[in-house]
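Chemist: Protein chains in written order, with the numbering used here: chain Y, 240 to 610; chain W, 240 to 610.
Here a beta-carbon is modelled for each residue, glycine too, at the ideal position from N, C-alpha and C.
Just so it is clear, the structure is predicted and the values come from calculations on it, not from any experiment.
2 protein chains.
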Amino acid sequence: MPRRDTDQPGARVPRPPTIADVAAAAGVSRSAVSRSFTEGASAAPGTRAKVLAAAASLGYRPSAIARSLTTRRSHLVAVSTVRLENGFNASLLQALALGLDAIGLRTLLFPIAGTSADADPSLDEILRHRVDAVALLATRLSSRFSAQCASAGVPVVLINRTARDGATSSVTGDNVGGARRIAEFLVAGGHRRFAFLAGVEDSSNSRDRERGFADALREAGGPAPLRAAGRFDRVASSKAVRRMLAAPEPPDALFCANDHMALAAIDVARREFNLAVGHQISIVGFDDAPTAALSGIDLTSFSQPPEAMAGRAVAALAAVLADPARPAVHETVAGELVVRGSARLPAAGLATTTDGRRLWVGGAVSSFRAP
Amino acid sequence: MPRRDTDQPGARVPRPPTIADVAAAAGVSRSAVSRSFTEGASAAPGTRAKVLAAAASLGYRPSAIARSLTTRRSHLVAVSTVRLENGFNASLLQALALGLDAIGLRTLLFPIAGTSADADPSLDEILRHRVDAVALLATRLSSRFSAQCASAGVPVVLINRTARDGATSSVTGDNVGGARRIAEFLVAGGHRRFAFLAGVEDSSNSRDRERGFADALREAGGPAPLRAAGRFDRVASSKAVRRMLAAPEPPDALFCANDHMALAAIDVARREFNLAVGHQISIVGFDDAPTAALSGIDLTSFSQPPEAMAGRAVAALAAVLADPARPAVHETVAGELVVRGSARLPAAGLATTTDGRRLWVGGAVSSFRAP
Chain Y
240 MPRRDTDQPG ARVPRPPTIA DVAAAAGVSR SAVSRSFTEG ASAAPGTRAK
290 VLAAAASLGY RPSAIARSLT TRRSHLVAVS TVRLENGFNA SLLQALALGL
340 DAIGLRTLLF PIAGTSADAD PSLDEILRHR VDAVALLATR LSSRFSAQCA
390 SAGVPVVLIN RTARDGATSS VTGDNVGGAR RIAEFLVAGG HRRFAFLAGV
440 EDSSNSRDRE RGFADALREA GGPAPLRAAG RFDRVASSKA VRRMLAAPEP
490 PDALFCANDH MALAAIDVAR REFNLAVGHQ ISIVGFDDAP TAALSGIDLT
540 SFSQPPEAMA GRAVAALAAV LADPARPAVH ETVAGELVVR GSARLPAAGL
590 ATTTDGRRLW VGGAVSSFRA P
Chain W
240 MPRRDTDQPG ARVPRPPTIA DVAAAAGVSR SAVSRSFTEG ASAAPGTRAK
290 VLAAAASLGY RPSAIARSLT TRRSHLVAVS TVRLENGFNA SLLQALALGL
340 DAIGLRTLLF PIAGTSADAD PSLDEILRHR VDAVALLATR LSSRFSAQCA
390 SAGVPVVLIN RTARDGATSS VTGDNVGGAR RIAEFLVAGG HRRFAFLAGV
440 EDSSNSRDRE RGFADALREA GGPAPLRAAG RFDRVASSKA VRRMLAAPEP
490 PDALFCANDH MALAAIDVAR REFNLAVGHQ ISIVGFDDAP TAALSGIDLT
540 SFSQPPEAMA GRAVAALAAV LADPARPAVH ETVAGELVVR GSARLPAAGL
590 ATTTDGRRLW VGGAVSSFRA P
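#1: Within 10 angstroms of its Cβ, does Y:Val503 collect 16 or more other Cβ (buried), or is it exposed?
#2: Looking only at its own chain, which residues have a Cβ that is under 6 Å from the Cβ of Y:Glu208, when we skip the five neighbours before and after it?
#3: For chain Y, find out if any of its Cβ atoms is closer than 8 Å to the Cβ of W:Gly451; answer yes or no.
#4: Give me the chain Y residues within the contact set of W:Leu337, using Cβ-Cβ distance strictly less than 7 Å, ordered along the chain.
#5: Less than 8 Å between the CB atoms is what I'm expecting for W:Ser521 and W:Asp491, so what's the real figure, rounded?
#6: Would you report the Cα separation of W:Val370 and Y:Glu364, rounded to the nearest angstrom?
#7: What's the gap between the Cα of Y:Val316 and the Cα of Y:Phe349?
#8: Which residues in chain W have a C-beta closer than 7 Å to the C-beta of Y:Thr530? List them in chain order.
#9: With H, G and I counted as helix, E and B as strand and the rest as coil, what does DSSP make of Y:Phe452?
#10: Within its chain, find whatever has a CB closer than 8 Å to the CB of W:Ser330; leave out the 5 residues flanking it on each side and keep chain order.
#11: Just how far apart, CA to CA, sit Y:Lys478 and Y:Gly469?
#12: Can you tell me the Cα-Cα spacing of W:Gly460 and W:Ala437, whole angstroms?
#13: In whole angstroms, what separates the C-alpha of Y:Ser606 from that of Y:Thr591?
#14: Chain Y partners of W:Thr346, CB-CB under 8 Å?
#15: State buried or exposed for W:Pro563, treating a residue as buried only when at least 16 other CB atoms are found within 10 Å of its CB.
#16: Just the C-alpha distance for Y:Ala434 and Y:Glu488, rounded to the nearest angstrom, thanks.
#17: Name the chain W residues whose beta carbon is nearer than 8 Å to that of Y:Glu324?
#18: Just to check, is the beta-carbon of Y:Ala567 closer than 7 Å to a non-hydrogen atom of the ligand SAM?
#19: What does W:Leu502 touch in chain Y if you count any residue whose Cβ is under 7 Å from its own?
#20: Counting only beta-carbon atoms, is W:Glu364 nearer than 8 Å to chain Y?
#21: In the DSSP output, which residue or residues are listed as bridge partners for W:Cys495?
#22: Quick one: is W:Asp594 buried, meaning 16 or more other Cβ sit within 10 Å of its Cβ, or exposed?
#23: Enumerate, from N- to C-terminal direction, the unbroken alpha helix (DSSP H) stretches of 4 or more residues contained entirely within the region 534–591 of chain Y.
#24: In whole angstroms, what is the alpha-carbon distance linking W:Arg446 and Y:Val318?
#25: Give me the residue from W:Arg583, W:Leu397, W:Ala557, W:Val480 with the minimum Cα distance to W:Thr407.
#26: Going residue by residue through the region 374–419 of chain W, where are the continuous beta strand (DSSP E) segments of at least 3 residues, counting only ones entirely within it?
#27: For Y:Ala549, I'd like the list of residues in its chain whose CB is within less than 6 Å of its CB, leaving aside the five on either flank, ordered along the chain.
#28: Please list, in chain order, the residues of the region 501–521 of chain W that have any C-beta partner in chain Y closer than 8 Å.
#29: If we cut at 8 Å on Cβ distances, does W:Asp562 have a partner in chain Y?
#30: Nearest chain W C-beta to Y:Ile536 closer than 8 Å, yes or no?
#31: Can you tell me whether W:Arg400 is buried or exposed, with buried defined as 16 or more other CB within 10 angstroms of its CB?
#32: What are the uninterrupted segments assigned as beta strand (DSSP E) that are 3 or more residues long and contained completely in the region 468–537 of chain W, given in chain order?
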């Protein structure tokens, strides 16, 4: 969403978005916007999804309309969260809560402490609070919980995760495509020994990113990457990277399955092995979390835009609430490989955006050259 | 709370905390713990507060007991949040949500987008969801909202903020004491030109930190600090610091009212003024957010422990729910000045903790020496 910061007295208060702004952003008529927010009114599912995504990203609040929309409902969405010390997860939660708020839904937080036994929100509680839907943010969906929600008639949307069976709607970044892009970038940069730092082992994100990375390396004629698991956790990541870098033939290119683990990797490389990150070792993350852009971090990372992901998830939730029989959807939000100082650059394939970011856009795929 | 990360299959699952662990941590008997979790049972308010704080920080879940505790209630606490891109706010929200969860209360999130008009959660909604209490995290309490909640009988606790009238319970870090310590540290380090980067102008935190900083500088015989406002926002902070550093006599010591603004200050000093932070300019923050410890940031900062603050807030909420007539309490959680590379060190007064952190513990107060 656009950043608005007008707490200071006297600061200019931006005009709140109107129905016309939403119509323009969604590329539909005003009456289509109005119909999209009126339960029972005819609106094509695709149109409604576009309108809700635009409304969420603009922060449009159809207050009275939204309130009357679903009077038989609790207006509550159970949202599970985990590891808010990971800045990307915090951004995603903020974008989701604001997006739900914009269409009159309220976030009921189920924080996950990290023990697998506690990973599912309590179904008892979900039923007691009569939540309209469940959104799982970066947490695993157990088949038991999925079946319980289905039999209770509570729709579930996964954000930044997918379920194995495909029966649950999901919104993710471009896990496979992004990881492939990273592999191609590192091959083009002339690296020799590749490594992958996995997240939690049963995370679909980590699995998909590992697959994309290993597939693209193989296709370029490169060696299979070394592998260790950092479990999306700082301490576990430090330990895994320490072991990798102490090996006789340490990697010169390390792809970490998210930025949070890449921060730990940078710390270990610098502080314990005295390596110049971006010169003696290249480290790449996934998320493009806010910390990645800081001067002392300067992390190359494949982006996942939290506002776009949250907007799609809000639209998916609204769609399934309007039509409970709607089949599951799986949405992939595109990202970009944002190039900074933590990884050696290829000679070609770079582009600078109008807002000053440098991207790697690739080109002809490079082949791995054996040392 | 202790970090537990056992998502990986086969990882050792730590034993969940027992009533005995809580009793030991709180320094009370097991039966006192049990009484503290039983509504109507006799437990001294001080004891109950200690027990609930210990339970929250250990992640103790008295499931069945907690559920039966307050059957006439909704078990919902409305929690307002703002700026989760600030890692300290995200940590505080996580600790609070886990602490509430541990005593059977559920977090209903009211995200604040940043426009002052939207700063109060909607009282309509709070009443409609029949929330038991309201916790405002790092957001301003308007006197209108405060009066509305009082007349509706909904208790309010402020976290990381205080209200002007003192009638609303609050939990804060040691704003005045921490800022005084920072001033003494910078004077002892031989700095000459001091500056303060304020947050949102009507924030009690920013006001209290400014007061402590200016008072201690004056008492040491130093000059009044320069001043600019960064409004707790990255873009506004960058602009304010850019202007300060471009002045004919730029500061050599900059205290930012929180770490989030200090990150922006470090970026501007390095990237736009090519300054060696910690040598040519000293930059100090407040929060000791997780980012402060990263190798490329290495920010000296006065700590606010989120788990301890959340634990006290949960105890305050539980106490007021048990006894609505309880007078407002104002708690200050102690912190430490954690010394890293972003500020020049004084010759004396440093100490190293058993976990390897370096603190400035001061000693004889230094006097400012004019250049």
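Modeler: So, to answer that:
#1: In the sequence as presented, Val is not what sits at residue 503 of chain Y; that position holds Ala. Label assigned to Y:Ala503: buried.
#2: With chain Y running from 240 to 610 in the structure shown, residue 208 of chain Y is simply not present.
#3: no
#4: Pro350, Ala352
#5: 7 Å
#6: 15 Å
#7: 10 Å
#8: Thr530
#9: helix
#10: Ala528, Pro529, Pro545
#11: 8 Å
#12: 22 Å
#13: 24 Å
#14: Leu347, Leu348, Pro350
#15: exposed
#16: 11 Å
#17: Gly326, Ala329, Ser330, Gln333, Pro529
#18: This structure simply doesn't include the ligand SAM, nor any ligand for that matter.
#19: Leu533
#20: yes
#21: W:Leu436
#22: exposed
#23: 545–561
#24: 35 Å
#25: W:Leu397
#26: 395–398, 408–412
#27: Ala334, Leu335, Gly338
#28: Leu502, Ile505, Asp506, Arg509, Arg510
#29: no
#30: yes
#31: buried
#32: 492–495, 521–526
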